[in-house]
Each structure stands twice: as structure tokens, then as C-alpha cells.
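As C-alpha cells, the structure follows; a few thoughts come after it.
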Amino acid sequence: MAQKSLDNPNQPSRLRALLARSREYAPVWTLLALFLFFSVYSDSFLTMENMGNILNQVSLLAIMGTGITFVLLTAQIDLSVSYMATFAGVVAAYYTAAHLPQPWPIFAALLAAAILGWINGVGTSRLGIPSFMVTLAMSLIASGLSLYLTRGRILFDLPPIANTLGSGRVFGLKWLVIVAALTLLAGHLVLKYTRFGRYVYMTGANPKAADLAGVNTKGIITAVMVIAAVTAGMAGIVGIGRLGSATPTAFDGMLIDAIGAVVLGGTSLFGGIGGIPQTIVGLLILGVLRNGLDQISVDIYMKTLITGIILLVALVFNILFAGKKEG
Amino acid sequence: MESKRPLLTLNNVSKKFGGIHALKGIDFEVYPGEVHALVGENGAGKSTMMKILAGVITSYQGEMVWDGRPLKLKNPRHALDLGIAMIHQELSVMPELTVAENIFLGRQLLKGGVVDWPRMFREAEAILTELGFAHVNVRDNLEKYPLGVHQLAEIARAITSGARLIIMDEPTSALSPMETKRLLELTRKLKESGKSVVYISHFLEEVVWVADRITVLRDGQKITTLDAGRTDKKELVKLMLGKEAEFFEESYIGGKEIKDLHERKPPVLQVRRLGKGRHFADVSFALHAGEILGIYGLIGSGHFELGEAIYGLNHPSSGTIELAGKALRGGPGRAIADGIAYVPPSRRSGLFLDKPIFQNVSLPWLAHISRFVPAVAKEVAITRKVIERVGVRPPDPLKEVAFLSGGNQQKVAIARWLVELPKVFVVSEPTRGMDVGAKEEVMHILKQLSEEGVGILLISSEPETILAAAERVLVMAKGRIVSEFSEESVSKEMLLAAASGEMAQSA
């Protein structure tokens, strides 16, 4: 509009930039607010040890969330990740119990997850099944495979690598946190600095336009579903090491938290907007909230309710900050 | 007319976005029973003015007077309650619902808490009969009917909701000539029944035909208000542009000499007996290097699908496409690699509005610009070059496309293909919904490209666009090529006759 009379071109764009930034940073304010609140109202919250706890608590979610970020950026969803994590953990333990030499059980677990992810991807992109449905079906398949392989029992023979990464330390740091940080970093580098990463964003922003520009959007969608499955598989392998056993339902309950953290950070469910930095913020919001509620004296039967309410408020906040673009 | 009191008046209305005046001191009035047209280039302030009238924009300087009383609209709902209805370019109808439901959308007639279907059908029928569309069955789903009826449903909705002022934004841009004629007649009927209409359109001859008065905007200011009976397209074009319009003036005014200079050059694209399901069949033609070949057809004639097929977006069911003697197969990725470029008929489906210009431009070329890691600085530099060439304003590669005007967005869609010059450029509807000035610029770019040897396939349902640039014209109707014009004087009427004559025969 009226680009012809550019008497003061800076003002509107600066205003818009400011608006855009406040939208981007809404989750950060939420995080800071929660952080401050718990620091003030709890003596045990703001300690080095507890900060370490928070990181430890969100690490599995972080590994899983990295893959989910890719999927959401293409405007798809994956409801099978937590079941894939369980399944990968079971496969790793199963083949370890079957005396397959190490590290082959790990590879088998990741490959199994990748295959399921590939089926998700092909079902979505080539066959045109909504990812919501195809991954919902896949969650049952992964869950069913876990039950079938374990016959419902708990497996205690774990790959040594899983034990190390899940509960070991190096230089005083938990391996689990390091794995999570490296996964996030790798995800960030791929999304921000590779051609593939750009294709992921563009596919989510406007799949039709990406097609028209020659982007192989079907391939991109298949690839992100495989990535989500593999990161879920990694979370499952590290996760059994942390738990000390593989059960047929070990990580099933993580689904809502994993997707929730990514969305809470500001990655759009409609694709094209967001990224790993946002996911990190979302993970920390969730981590601080869960941990902080443990530190202050709240009726333990109220905690889930309070978590839900705070998440809802945070999401409303995000939307309000997003505001409306002036046409 | 001057003796009556205006239904709506704007007194000295101004609106700034940031530091930029979108509207400056606008005086405007609409009388009861008047069709008042609003014309101007994109960015002239038409849409801002509309949004103020419809209560979308509520903060502005100046005064609005409604029915003799000062009025401050709170929101679009408020405007609607007072009787100001807006028919947007993108219709807000629900094709899966019946015609009647669409007319009463949001205020179904109820009896004891349940929908009173008999009464709703009856009243819907009554209003459609009154509007001269008795043949439409209000019990049918709207999707059974063409776009013209969708628009009709929206207008009927405005009328039954008690609108006294109806604002129509580019109401005919998607309509066939027949539907357009009906809509214009309907607009006159509205006026005769005492309704007021603010009519916004780029189709100047419609405007001259349907309006009582015409207000011309340019750069946010009112240039003048004319009596429609005492002006013509030529004068309007000049007033809107404030300068001469080289390509379009002729094609707006009447016939045009088209020159075919390329018969002797070898064809770059050869299409033989191409067919695609129900969309088109038995299409054969050759496009020569440096030629602008127009393909004209009414909406639904299959010409857009033909363009998609050449770009590899859909796979033809029969026939062959050869580029410089080599058969083409595969999707857009292959087409781009082979030197085919494509601009789709709908701008939004080709662009990433929320992404910066440079990402829109560089996407097809990322693999060429850098093997693995996108080099943003390089992308921006390449983008700057091509958008400066086509005259995108502002020429800022980092700006998001959403912030550009429609014409400038289209220039971005074209600029992308100048990074590496294509052999064949398929452009579908490159000037739809654009003002004359922006159309002129787009045509200029296409001309330049053709002079550099690019074969251009110009596909459009707007005769002006075809006539403005094409050197040879193929007319499609019902999926087939029905006539070809070259080396002769072609008029809009001839194109329309060719395109609809066949329709009438086979219908």
C-alpha cells in the first residue's frame, strides 16, 4: 500500500519488526515469568542441583521434540513418536537379550523406527492419508509390536551404550543431557543452515508453492517423518538406559508433553514458522513448570490441573501476542 | 440527484499507515439509488477506503456521515447492522450448503428453535426471482452452480439482511462474460430498487456501463468524480495512471493489430495432440523462440490445465510435449531443469507470503547457488538484481512478500524466473486483479524477455491481457483449440465470440 510515497519508510517496518519480535518472544516471557515465580516462592528451586534436575527431566522430551519440530514445520503431525520410542527401546533390549552382538541391537532399533517413520511418510505424502490418521494407526502398530515382542514382560538386558547414555556421566555432566543438547544442535544446524532445512520451512509455509518451485515436497514430508521416528527411537534407547529396563509401555505417556513443548515454544502447527530455539524454550517452560510445582507446597492431586491451566494461559498469551497483521 | 440527501458521506478522510498516507483528504458521497464506482491503481487507496466504509478500519482522520448523522463504525458487524454490506472479492459462501442456506447464512429462519426450512426456501426463492434468477433451485447445493451464482447468493444475503449500501469489490474478476452481464444488470436492478452500490473494478468498460458516477483515486488522493455518461475508458485510464499506458491503452480501447514475426524461427516448444482427462484434448501447437503466444479461453476452457501440464504439474493422458526436440516427462523439478518456467493463475498458490522476497526468488535455484548450505548473502544479491530489473517496489530482498501490493507480488513471482533465463515461460493470468499501471509493467517485462529469446506462453481469460502482448493467439473452448489469430487485427469481441461460440454449440 502506498509504497510510492516513501516519505518515511523506516517507521512502519520498525513497528512491524517490534510486533513480530514481541510475538516471537512471548514464550520467552512466559518462561521468565515462571522462572521468577518459582525462584521467589521456593527455596529449593533456584539451586545448581535443581537446575541440573530440570535439564535431566526434559532431556528425553528434547530428543523426541527435535524430530517433532521438523514434522510440525512441514504442517504435519506425528502422534506415534512416543510409541515409537517405546518400540525402539523394546527392540534394543530384545536383541540384546537375544545375544545379538553390540552395537547391532541399537542399529536394529533405529532401523525399525526409521522403517515405521518411512511408512508414516509415504502414507502421508504419496497416499495422501492425513498424517494425523496415519500416525494414529502407527501408534497402535508400534505399541502392538512392543507388546508382541515383550509378551507383556519387562526386559532387563539392555545394551551397554543405552545404560551409559541413559544414566552415565562424563566430566560431571549427565550423558543424557549431552545427547539431548547434541540432538537439538544437530537439528538446529540442519534446519537453519542446509538446503534441506530451507525446503522443510518452505514446504510447511505453502506446500503448493513449494511444489511449483520444484521442491520435492513428498520427499521432504517423508524425510521429516523418518527424522521424527529416528529421534523418537534415540529417545527410546537412551530412555531405557535411564529407566534401567524396557517395558512395553515405557514412554507412551510422553506424547502430549513432546508435542506440547514444541508448540508451546512457538512452532506453528500450521507449518513454516518456528524452529529448534523455540522448541528449547518450550521444553524449558514445561520443565520449569513441572519441577517448580514439585518445589512449592501444592496439593499433589492439583498439580495436573494447575499444569493444564498454566499451559492454556501460556498458549492464549502466545496467540494474543501474535496479534493481527494489518492488511 | 443532487437535491437528495446523500446516504453516506466521507468528509476530508485521511488514513496513515506508519508515516505513509494511504488516503489523503478524501471527500466522497453516495446517494440513495446510486451506483458510485471507485477506480484507481493498486495502492491508490481503494481498499483502504472500502475498509473504512465497511468498518474494518476504525481509526482515521475525518468524518463519516450516514443518513445525515455523523457515524463512527465500531466493527464490520456494526456496519452490517446499519445496512452497509460488503461483497468481498473472495466470496464468503459455503459451497456444500444449499443456496437458501447461503442466503440466510448466520441468521437462519427459526420456528420454535429449529430451522424453518419451508419458509427459508420460500423466501430465498422470492428474492432470487426478484433478482431475475428464478431458474436457480434454492434447494440445490451451491457447488452445483457456477461462480456467478455464488456471487448472487452473497448479494441476496446482503439484500435480505436489509443492506442499504452494498460495496462490491472486483465482483466480476472471476466471472464469465455471460455471468458478468447478468451481474451488471443485477446491479442496475439494485439501484432501481433504491439501494446504493459502491462498485470497485478494474474493468473500466463495466464501470462506465454500470455506474452513475465514477471517482478516480491516485496515490491516496481523489483526482476527480465524473459522470459516467460523460467519460470513457480512455479518459479514465489516463486519470488513473496520470501518464500514458503504452500496451494497454490500445487493448482497452478496442482492436489491436497483432504481428506474428516468428513463423520462420524454429519452434522451441512443440505440443502434439495433448490430452488430459476432462480438461483438454487434442491440443497441438508450436511455440517459437522469442514469441509471445497467447492462449485465450473462458474460465473452465482448460487453458490453465494446459499450462500446468506443460510445467509437469499434471501428467497428460495422451500426446507429447517436446522442448527443443526432446520429449518432456516428469514434474516441476524436471521442467525447471529443462528450462521451463511457470507462473500460476492464482498468485497466492505460487508465493510464500510470510517469507522474505529472497527466499521466494531463490527457492528453485538453491541447488545451483550452493551445493549444501544456502549462502544467504549470495541469495540476497541475486534476488536484488532480478527484483530491481522487474521493478519490485520496494526492492528490498529481506521484506516479506505479504507486505507488497498485489502487482509487486506478481513481479516477484516473475522475477524468480529471471535468475536463469528459461527457454519457455508459461505465464497464467499474470495480470489478474491488477491495475492498469501494474499490468503495463508486467507486460513490459514479458516483452523484454521475448526479445531476449524466451518463448512465452501467455495464458489468460482476460482479453485485454492477451491483446496487450500476444503476437499470435490461440483460443480454447471446452478443452480444445477452436481458432487461431495471427497477422490480423483482433478485437476483444472477436476473442470472446470465438471462445463462447463454441461453448454455445456444444452446450
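Here the protein sequences line up with chains A and B, keeping their order. So the first sequence is numbered by the working numbering: it starts at 1 and just counts up by one. So the second sequence is numbered by the working numbering: it starts at 328 and just counts up by one. Where a beta carbon is used, it is the ideal one built from N, C-alpha and C, also for glycine. Treat the numbers as computed from the prediction; the structure is a model and nothing was measured.
- In chain order, what residues of the same chain have a beta carbon less than 6 Å from the beta carbon of T336/B, not counting five sequence neighbours either side? E356 and V392
- State the beta-bridge partners of R839/B as determined by DSSP. Chain B is shown only over 328 to 834; residue 839/B falls outside these bounds and no answer can be derived.
- Task: Return the Cβ separation of V817/B and I741/B in integer angstroms, given the expectation that the two are a contact with Cβ distance under 8 Å.
- Result: Not confirmed; about 25 Å, so no contact.
- Report the rounded CA-to-CA distance for L255/A versus L34/A, giving the unit in angstroms. 23 Å
- Message: With H, G and I counted as helix, E and B as strand and the rest as coil, what does DSSP make of E747/B?
- Response: coil
- Task: Could you spell out where the beta strand (DSSP E) holding P594/B opens and where it closes?
- Result: P594 to K603
- Query: Are V595/B and L650/B close, meaning C-beta to C-beta below 8 Å?
  - Reply: yes
- Query: Which two residues bound the contiguous alpha helix (DSSP H) that contains K522/B?
  - Reply: No alpha helix (DSSP H) contains K522/B, which DSSP labels as neither H nor E.
- Three-state secondary structure (DSSP) at F612/B? strand
- If R720/B sits next to N735/B, beta carbons under 8 Å apart, how far is it from one beta carbon to the other, in whole angstroms? 6 Å
- Query: What does K682/B touch in chain A if you count any residue whose Cβ is under 9 Å from its own?
  - Reply: Y201, M202, A205, N206 and G272
- Item | Close beta carbons around G187/A, own chain, < 6 Å, minus the five adjacent residues each side | T66 and I276
- Item | Interface partners of Y25/A on chain B, CB under 8 Å | Within chain B, no residue comes near Y25/A; the closest Cβ sits about 18 Å away, beyond 8 Å.
- Task: Answer yes or no: does any C-beta atom of chain A fall closer than 8 Å to that of A461/B?
- Result: no
- Message: Rounded to the nearest angstrom, what separates E450/B and L458/B at their Cα positions?
- Response: 12 Å
- Query: What does DSSP give as the partner residues of H348/B in its beta bridges?
  - Reply: K343/B
- Message: My output table needs one value for R151/A: the three-state DSSP class, helix, strand or coil.
- Response: coil
- Task: Examine chain B for any beta-carbon lying closer than 8 Å to the beta-carbon of R195/A, and answer yes or no.
- Result: yes
- Message: Counting C-beta neighbours from all protein chains within 10 Å, is the total for N73/A 16 or more, i.e. buried, or is it exposed?
- Response: The residue asked about is misnamed: residue 73/A is Leu in this sequence, not Asn. That one is buried.
- Message: Looking only at its chain, what residues have a beta carbon closer than 8 Å to the beta carbon of S644/B, apart from the 5 residues adjacent to it on each side?
- Response: Contacts found: G602, K603 and G604.
- Task: Report the rounded CA-to-CA distance for D559/B versus K351/B, giving the unit in angstroms.
- Result: 26 Å
- Thinking C-alpha only, which one of G274/A, L212/A and L149/A is nearest G660/B? L212/A
- Query: D211/A versus chain B: which residues are under 7 Å apart at the beta carbon?
  - Reply: P659
- Message: Could you give the first and the last residue of the continuous beta strand (DSSP E) run that contains Y623/B?
- Response: I619 to G624
- Message: Less than 8 Å between CB atoms is the rule here; does F699/B satisfy it with respect to chain A?
- Response: yes
- Item | the ligand SAM heavy atom lying under 7 Å from the CB of F87/A | No copy of the ligand SAM appears in this structure; indeed no ligand is present at all.
- Item | Selected residue, minimal CA-CA separation from G621/B, among L436/B, P397/B, F431/B and L785/B | L785/B
- Query: Do G677/B and A209/A have their C-beta atoms closer together than 8 Å?
  - Reply: Yes; because the gap between Cβ atoms is below 8 Å, this pair is in contact.
- Counting only beta-carbon atoms, is N291/A nearer than 8 Å to chain B? no
- Is the segment 406–420 of chain B close to the segment 375–386 of chain B, with three or more CB pairs under 8 Å? yes
- Nearest-angstrom Cα distance between K373/B and P757/B? 21 Å
- Task: Rank S268/A, S245/A and G282/A by C-alpha distance to the C-alpha of L158/A and give the top, closest one.
- Result: S245/A
- Message: Below 8 Å on the Cβ atoms is my contact criterion, and I expect A261/A with L55/A to pass it. Report the Cβ-Cβ distance as a whole number of Å.
- Response: Between L55/A and A261/A the Cβ distance is about 14 Å, and since that is not below 8 Å, they are no contact.
- Query: Which residues in chain A sit within 9 Å of G734/B, going by Cβ to Cβ distance?
  - Reply: Going along chain A, no residue has its Cβ under 9 Å from G734/B, so there is no contact; the nearest lies around 10 Å.
- Message: Strictly under 8 Å for the Cβ-Cβ distance: is P422/B near chain A by that measure?
- Response: False, the Cβ-Cβ gap to chain A never drops below 8 Å.
- Item | Under 8 Å between C-beta atoms of E768/B and G718/B | Contact: yes.
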